[in-house]
Amino acid sequence: MADDPTINRLVVIAIIIVLLVVAAWVAVSVAVWVFHAVDRHERHMKSLWPFENSTYYGSVEDHMDEIRGLPEVEAFHEMYGGRDIVFTNYSMNPVEFDYAASDDNRSAYLIIRYYDREPSDFSHQCSDKVLRRGLFMEDSVRTDCFSYVVLDGDAP
1 MADDPTINRL
11 VVIAIIIVLL
21 VVAAWVAVSV
31 AVWVFHAVDR
41 HERHMKSLWP
51 FENSTYYGSV
61 EDHMDEIRGL
71 PEVEAFHEMY
81 GGRDIVFTNY
91 SMNPVEFDYA
101 ASDDNRSAYL
111 IIRYYDREPS
121 DFSHQCSDKV
131 LRRGLFMEDS
141 VRTDCFSYVV
151 LDGDAP
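The opening position of the sequence shown corresponds to residue 1 in UniProt numbering, with each subsequent residue numbered one higher.
Below is the structure:
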């Protein structure tokens, strides 16, 4: 009976069906897990999003005046006004924006983080592209990155 080709064929077909069912179950489980992770992230971002009456997607542009009106942002624009200043939305889990000004040798950044829908953390950072290291980091815009002189690696 073990040599019966019909039984051997049925066993192979049964094994293939079981493998397909297991593969489908794994694929559905992974898809559900990914969907829930994305959904949780979306709900979390919406709960953190600082601007009232707006959705997470596409709403930053509607609130640029509010962001631009923050005292730290005004100080950054005043200090680096003659340079090309770029705004970037880095919001993933924390809501985070930054402004950057740069030349061939240095880059200055103002990073704005929000907590509980309020701008709560400001970080002014300066980095040297030639030395490939940060020159200083401060909690408000006080020091001009492009005129800052490095003395024995000191920071302001």
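The beta carbon of each residue, even a glycine, is placed where N, CA and C say it ideally should be.
DSSP places E96 in the uninterrupted beta strand (DSSP E) bounded by 95–102. Here the segment 104–119 makes contact with the segment 134–146; the two share three or more CB pairs at distances below 8 angstroms.
In this structure, DSSP gives F87 an extended state, which the three-state scheme calls strand.
When secondary structure is reduced to three states using DSSP, L135 falls in the strand class.
At least 8 angstroms separates the beta-carbon of L131 from that of Y148. For S91, the closest C-alpha among the options Y115, A14, E72 is that of Y115. Residue range 118–128 is occupied by the beta strand (DSSP E) that includes D121. For R113, the enclosing beta strand (DSSP E) has its first and last residue at 106–115.
By the C-beta density criterion, M79 is buried, having at least 16 other C-beta atoms within 10 angstroms. Judged by DSSP secondary structure, D62 falls outside any alpha helix (DSSP H); it is assigned neither H nor E.
Between the C-alpha atoms of G81 and P94 there is a straight-line separation of about 28 angstroms.
V30 and C126 have their C-alpha atoms roughly 42 angstroms apart. Counting along the chain, no alpha helix (DSSP H) covers V149, and no H or E run does either. In the three-state reduction of the DSSP assignment, S140 falls in the coil class.
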